[in-house]
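*Asks:* At position 234 of the sequence shown (counting the first as 1) the number is 234 in UniProt numbering, and the numbers step up by one without a gap. Heads up, the beta-carbon is just placed ideally off N, CA and C, and yes, glycines get one too.
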Amino acid sequence: MAEFPELGKNCSMKSCNRLGGGEHRLSHGCKQSSEATTSNASASASSPLRPYLCAMDGCHLRESVRVECPNCKRNFCLRHRHNDQHNCEYSNENTEKEKRKAAWAEVQKKIESSRTYVCSEEAVCEFQPKKVLNEVEQKRADRIAIMRLKLKAKECDIPLAEQMFLIVVTGDKRIPIMVSKHWTVGKCVDKVASELNTSNNNADYGAKMLRLYCLEDESNALPMADNVTKHLKDMATVSLKRDQ
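Laid out in structure tokens, this is it:
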């Protein structure tokens with residue numbers, strides 16, 4: 001019995017401890033051993049297969065159902081199913097897109113805010129009274145306005161030597177208008193009315209007449225038949241009024 005040195009001893013399984021077991025290398029009808037074998041077989045049969053291997057590097061866990069990342073579409077175990085747990089590259093791209101979108105929305109918001117601010121400033125400026133210019137400043141402003149008018153009226157029908165400019169005051173505006181030194185006051189009235197888009201019925205019998213007045217004497221209208229240079233100089237300030 002040299003090849004079986006443990007023969008004749010009690011079973012090494014504590015739950016069995018029967019004589020002649022020899023660590024259960026040979027079948028000796030141990031009830032505990034058969035129960036253990038049956039139990040192990042049942043456990044193996046009842047354990048479900050886990051065919052879905054985790055795609056995370058270094059992880060060998062499997063799941064019985066597919067756990068797919070909605071961004072990269074790869075399969076992961078329950079431990080690595082979240083974006084931050086498997087360092088999802090597509091999730092990072094989506095995060096960057098969201099950041100860029102949020103930054104652009106902030107820029108748009110600032111642009112709209114600045115537009116609103118400018119509009120509010122313009123609205124306030126409309127109600128602010130205009131600066132009152134002194135005589136020297138007003139003459140300088142009138143000369144600038146006339147220079148701009150000359151640039152626009154290079155091809156007018158009035159020869160350069162005959163050109164004369166009147167500053168017509170209407171409301172709070174001062175409008176330069178070109179006339180000829182050879183014109184009568186009546187023709188100058190027609191020109192001024194045309195430039196100001198004012199209805200002119202001077203040719204109609206019985207209509208209320210439009211007349212030119214020198215700004216220094218608004219009680220007396222300039223005679224229609226007189227030459228304009230008889231009463232006004234170049235850059236003279238006048239007003240256009242209709243008879244009451």
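According to DSSP, is T229 helix, strand or coil?
*Replies:* As a position in the sequence shown, residue 229 is number 229, starting the count at 1. DSSP, read as helix, strand or coil, puts T229 in helix.
*Asks:* Within this structure, are the beta carbons of A193 and L240 separated by less than 9 Å?
*Replies:* As a position in the sequence shown, residue 193 is number 193, starting the count at 1. As a position in the sequence shown, residue 240 is number 240, starting the count at 1. It is a contact, given that the beta carbons lie within the stated cut-off.
*Asks:* Are the stretch 151-167 and the stretch 224-237 touching by the rule of at least three beta carbon pairs closer than 8 Å?
*Replies:* yes
*Asks:* Ordered along the chain, which non-local residues of its own chain (more than five positions away) have a Cβ less than 8 Å from that of E218?
*Replies:* Residue numbering aside, residue 218 sits at position 218 when the sequence shown is read from its first letter. Cβ neighbours of E218 beyond the five flanking positions: S239 and K241.
*Asks:* Let's test the definition: count the other Cβ atoms within 10 Å of the Cβ of P51 and tell me whether it reaches 16, buried, or not, exposed.
*Replies:* Counting from 1 along the sequence shown, the entry for residue 51 is found at position 51. Exposed is the call here.
*Asks:* Run the CB neighbour count on R143, radius 10 Å, all protein chains shown included, and call it buried at 16 or more, exposed below.
*Replies:* Stepping through the sequence shown from its first residue, residue 143 is reached at position 143. Counting Cβ neighbours within 10 Å, R143 comes out exposed, since fewer than 16 surround it.
*Asks:* Which residues mark the beginning and the end of the alpha helix (DSSP H) in which V65 is found?
*Replies:* Counted from its first residue, the sequence shown places residue 65 at position 65. Note, V65: premise wrong, no alpha helix (DSSP H); not H, not E.
*Asks:* In angstroms with no decimal places, state the Cα-to-Cα distance between G171 and Q108.
*Replies:* In the sequence shown, residue 171 corresponds to position 171, counting from 1. In the sequence shown, residue 108 corresponds to position 108, counting from 1. About 41 Å.
*Asks:* Secondary structure at Q244, three-state DSSP: helix, strand or coil?
*Replies:* For the purposes of this step, residue 244 is taken as residue 244 along the sequence shown, with counting starting at 1. Residue state, collapsed to three classes: coil.
*Asks:* Rounded to whole angstroms, what is the Cα-Cα separation between D190 and K208?
*Replies:* Numbered from its first residue, the sequence shown carries residue 190 at position 190. Numbered from its first residue, the sequence shown carries residue 208 at position 208. Between the alpha carbons of D190 and K208 lies a distance of about 14 Å.
*Asks:* Please list the segments of the beta strand (DSSP E) lying wholly inside the stretch 157-225, counting only runs of 3 or more residues, in order along the chain.
*Replies:* 163-170, 173-180, 210-214 and 217-221
*Asks:* Quick one: using the 10 Å Cβ neighbour count with 16 as the cut-off for buried, is V179 buried or exposed?
*Replies:* Residue mapping note: residue 179 aligns to position 179 of the sequence shown, counting from 1. Counting Cβ neighbours within 10 Å, V179 comes out buried, since at least 16 surround it.
*Asks:* Please state whether the Cβ-Cβ distance between C54 and N75 is less than 9 Å.
*Replies:* Along the sequence shown, one-based indexing puts residue 54 at 54. Along the sequence shown, one-based indexing puts residue 75 at 75. Contact flag set, yes.
*Asks:* Please tell me whether Y90 has its Cβ less than 9 Å away from any Cβ of chain C.
*Replies:* In summary, chain C is missing from the structure at hand, where a single protein chain is found.
*Asks:* Do you know whose CA, among H182, R66, C188 and L133, lies nearest P176's CA?
*Replies:* Taking the first residue of the sequence shown as position 1, residue 176 is located at position 176. Nearest of H182, R66, C188 and L133 to P176, Cα basis: C188.
*Asks:* When DSSP builds the beta bridges, which residues end up paired with N83?
*Replies:* In the sequence shown, the residue the question calls residue 83 occupies position 83. Bridge partners of N83: none, in fact.
*Asks:* Compute the Euclidean distance between the alpha carbons of R100 and H82, then round it to the nearest angstrom.
*Replies:* The residue labelled residue 100 in the question sits at position 100 within the sequence shown. The residue labelled residue 82 in the question sits at position 82 within the sequence shown. Answer to the nearest angstrom: the Cα atoms are 23 Å apart.
*Asks:* Under a three-way DSSP split, which group does L78 fall into?
*Replies:* Residue mapping note: residue 78 aligns to position 78 of the sequence shown, counting from 1. Of the three classes helix, strand and coil, the one that applies to L78 here is helix, per DSSP.
*Asks:* Residues bridged to L53 by DSSP?
*Replies:* Here the question's residue 53 lines up with position 53 in the sequence shown. DSSP, once it has assigned bridges, lists R62 as partnering L53.
*Asks:* Determine the DSSP secondary structure at A153, reduced to helix, strand or coil.
*Replies:* Position 153 of the sequence shown, counted from the first residue, corresponds to residue 153. Correct three-state label for A153: coil.
*Asks:* How close, in whole Å, do the beta carbons of M147 and G186 come, if the pair is a contact with beta carbons under 8 Å?
*Replies:* Position 147 of the sequence shown, counted from the first residue, corresponds to residue 147. Position 186 of the sequence shown, counted from the first residue, corresponds to residue 186. With a Cβ gap of about 28 Å, M147 and G186 do not count as contacting.
*Asks:* Express the C-alpha separation of K173 and N220 in angstroms, rounding to a whole number.
*Replies:* Locating residue 220 in the sequence shown gives position 220, counting from the first residue. Locating residue 173 in the sequence shown gives position 173, counting from the first residue. Going from the Cα of N220 to the Cα of K173 covers about 22 Å.
*Asks:* Is the distance from the Cβ of C72 to the Cβ of L61 below 9 Å?
*Replies:* To locate residue 72, count along the sequence shown from 1; it is residue 72. To locate residue 61, count along the sequence shown from 1; it is residue 61. Cβ atoms of C72 and L61: not closer than 9 Å.
*Asks:* How long is the line joining the alpha carbons of H86 and E68, rounded to whole angstroms?
*Replies:* The residue given as residue 86 occupies position 86 in the sequence shown. The residue given as residue 68 occupies position 68 in the sequence shown. Distance between the alpha carbons of H86 and E68: 12 Å.
*Asks:* Among the residues of its own chain, which have a CB less than 7 Å from the CB of C156, if the five just before and after it don't count?
*Replies:* To locate residue 156, count along the sequence shown from 1; it is residue 156. M178.
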